[in-house]
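Enquirer:
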Amino acid sequence: YSIMPNKKFFISWIVSSIYMYGISFVWHGIVLNDLARLTYPKNLFLLLAAIAYMGFGFALAVAINYIHINKTKISRGLIFGIPLGVFVYLIAFVFGISFNSRPNMMHVAMDLTWQVIEQGTGGLVAGLVFKLVQIQERINKQFIQ
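Using the working numbering, the letters of the sequence shown correspond one by one to residues 260 to 404.
1) Hey, Leu319 and Trp272: beta-carbon distance below 9 Å or not?
2) Note the first and the last residue of the continuous alpha helix (DSSP H) segment covering Gly281.
3) Got a sec, what are the start and stop residues for the alpha helix (DSSP H) Phe354 sits in?
4) Between which two residues does the alpha helix (DSSP H) holding Arg397 run?
5) Would you mind working out which of Leu303, His287, Ile310, Ala322 sits nearest Pro264, comparing C-alpha positions?
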């Protein structure tokens, strides 16, 4: 294994970041309409969220590519994505970053579940993209030979 990031790393990082940012926007901006309750400019929120999701995608790409466990890249995505979702939720909860000013236990459970789904499927996407790029590289290599 090479420690240098490669095409599979970068593509899985970017695609998973965009995926998680996109489903977060759909969930908070359309399904729940949370973005309408922001107390600061929406563009600032969207920019900071994009930076955060680039960080989440990077963490997933690093974990999937460089932490070697006896699982497929796709399985690794779920294995690393689910705890990342819990961690992201805990950070948001501890620092009081929420769209609900007074969250009850139902909101807490729903928000935690959402973060696990968001980062878990983000990891799944990262692993899947990694695998698809790997397959494409093999096909290209065979075609060239």
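Note that beta-carbon positions come from the ideal geometry of N, C-alpha and C, so glycine has one too.
Expert: To lay it out plainly:
1) Yes; because the gap between Cβ atoms is below 9 Å, this pair is in contact.
2) 266 to 284
3) Here Phe354 belongs to no alpha helix (DSSP H), and DSSP marks it neither H nor E.
4) 364 to 403
5) Ala322
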